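So the sequence shown is numbered by my numbering: it starts at 6 and just counts up by one.
The beta-carbon is built from N, C-alpha and C at its ideal position, and this holds for glycine as well.
Predicted model, so just to flag it, every value in this text is computed and none were measured.
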Amino acid sequence: MTTQTPPTTAEHPAQDPASGTRDSGAYGDSLAGIYDLLYPAGPEVALVADFVHSLRPAPATLLELGVGTGRLAVPLAERGFRVHGVDSSPQMLRRLAENDHTGTVTSSVGDFAASTVGRRFDVVLLALNTLFMLPTQEQQIAALRNIREQLADTGVAVLEMYEPMVFHGLDEPSVKVHHLAPDSLVVDTVQVSRSQQTALVVHTVLGPGTVRKVPEVSRYAWPSEFALMARLAGLRITGRWSDWQRTPVTEQSQRYICVLEREA
Numbered sequence: 006m007t008t009q010t011p012p013t014t015a016e017h018p019a020q021d022p023a024s025g026t027r028d029s030g031a032y033g034d035s036l037a038g039i040y041d042l043l044y045p046a047g048p049e050v051a052l053v054a055d056f057v058h059s060l061r062p063a064p065a066t067l068l069e070l071g072v073g074t075g076r077l078a079v080p081l082a083e084r085g086f087r088v089h090g091v092d093s094s095p096q097m098l099r100r101l102a103e104n105d106h107t108g109t110v111t112s113s114v115g116d117f118a119a120s121t122v123g124r125r126f127d128v129v130l131l132a133l134n135t136l137f138m139l140p141t142q143e144q145q146i147a148a149l150r151n152i153r154e155q156l157a158d159t160g161v162a163v164l165e166m167y168e169p170m171v172f173h174g175l176d177e178p179s180v181k182v183h184h185l186a187p188d189s190l191v192v193d194t195v196q197v198s199r200s201q202q203t204a205l206v207v208h209t210v211l212g213p214g215t216v217r218k219v220p221e222v223s224r225y226a227w228p229s230e231f232a233l234m235a236r237l238a239g240l241r242i243t244g245r246w247s248d249w250q251r252t253p254v255t256e257q258s259q260r261y262i263c264v265l266e267r268e269a
């Protein structure tokens, strides 16, 4: 059985499935060299920039959590946003610096579920399912509280998340192959624990004479659960769509774009 694996992000934690422990920097460090090949900056990047600009126009300040190699941060900075990115992987941030030819994007190493950068922003952005890469509900709520703390009074948070049934509906392990170059590819295998609301994804990177495995665990939240977690964190959902072009959510939607604001 082959299925589309939802995209992942630089902030994803590598985990020991048995212990539940994580090293959020190790995941990004392991994939930093091929991340831009796995997730190239395609046409959707312009749609993200348009979406954010419609909410808070440039030169608004923007914080991207799980910034990775700058797939979104660099184009947003080129659009005039004042961008700061946070990621747990130093290697990812080194790649970000290489991609940011004008040196406009500032960045810092950190775990956004446990700490803040010490200032507030007009926009906080978490793309590519970054929130779900935190392995427990408690950590996800902590991250939402940190988002609220870093939002300006009139700021907005924008989160992209997959529809849980994309994984929850799998009856058996699935496989997805990404061709990176003529001599290399990545094979993703997915196993789901419905009782734990988790998907274990193992990235097997195959190159000339080399094989590397990078595991991650995604802990998904149902839409109603996410809305409650946001309320517990002092946030309220003000908009929800199935893509960056504001297509209404339907039973066939495979992801959500949620906009949140601070509760009074």
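Please name the residue, chosen from the options, that lies closest to residue i on a Cα-to-Cα basis.
i: E177; options: L77, Y261, E165, S198; result: S198
i: Y32; options: E230, E103, P228, V219; result: V219
i: E143; options: L237, D248, R61; result: L237
i: Q201; options: R125, P169, A186; result: P169
i: A186; options: P48, Y167, P213, T135; result: P213
i: V91; options: V122, V207, D188; result: V122
i: Y167; options: L133, V129, L52; result: L133
i: Q259; options: E165, D193, G239; result: E165
i: A119; options: P228, R150, V171; result: R150
i: A63; options: V50, L52, G85, A54; result: G85
i: Q250; options: M97, P48, S35, G239; result: P48
i: T159; options: L240, I262, D55; result: L240
Check this for me: beta carbons of residue i and residue j, under 8 Å apart or not?
i: R100; j: Y40; result: yes
i: R224; j: F137; result: yes
i: A147; j: R125; result: no
i: A65; j: D127; result: yes
i: L70; j: T135; result: yes
i: V163; j: V79; result: no
i: H184; j: L43; result: no
i: Q155; j: V129; result: yes
i: I242; j: A226; result: no
Leaving out five residues before and five after residue i in sequence, what residues of the same chain have Cβ atoms less than 6 Å from its Cβ?
i: V210; result: V191, R217
i: A82; result: V88, T109, V110
i: L60; result: V161
Give the secondary structure of residue i by DSSP, where H, G and I count as helix, E and B as strand, and everything else as coil.
i: D105; result: coil
i: D34; result: helix
i: Q259; result: coil
i: Q250; result: coil
i: T26; result: Residue placement at T26 is poorly supported in this model, since its pLDDT is 43, which falls under 50; the coordinates still yield a value, given next. Note: T26 maps to coil in three-state DSSP.
i: Y44; result: coil
i: V222; result: strand
i: T141; result: coil
i: A269; result: coil
i: S94; result: coil
i: D116; result: coil
i: I242; result: strand
i: P12; result: Any reading at P12 must be qualified, since the residue scores a pLDDT of 40, below 50, and its modelled position is unreliable; no value is offered.
Could you name the residues of the same chain whose beta carbon sits closer than 7 Å to that of residue i, not counting the 5 residues immediately before and after it, in chain order?
i: A102; result: none
i: M6; result: Annotation note: pLDDT 34 at M6 (below 50); position unreliable, coordinate value reported separately. So the list reads E177, S179, once near-sequence residues are dropped.
Is the shortest distance between the beta-carbon of residue i and the beta-carbons of chain B less than 8 Å?
i: A78; result: In the displayed structure, chain B is absent; only one protein chain is listed.
Give every residue of the same chain whose Cβ lies closer than 8 Å to the Cβ of residue i, excluding the five residues on either side of it in the sequence, and list them in chain order.
i: F172; result: P11, V195, V197, A204, S223, Y225
Counting pairs of Cβ atoms below 8 Å between the region 257 to 268 and the region 64 to 74, do you hit three or more? Because the criterion of three Cβ pairs below 8 Å is not met, the region 257 to 268 and the region 64 to 74 do not touch.
So does the region 173 to 188 actually touch the region 242 to 257, counting three or more Cβ pairs closer than 8 Å? In this structure the region 173 to 188 does not lie against the region 242 to 257, because fewer than three pairs of beta carbons, one per stretch, are closer than 8 Å.
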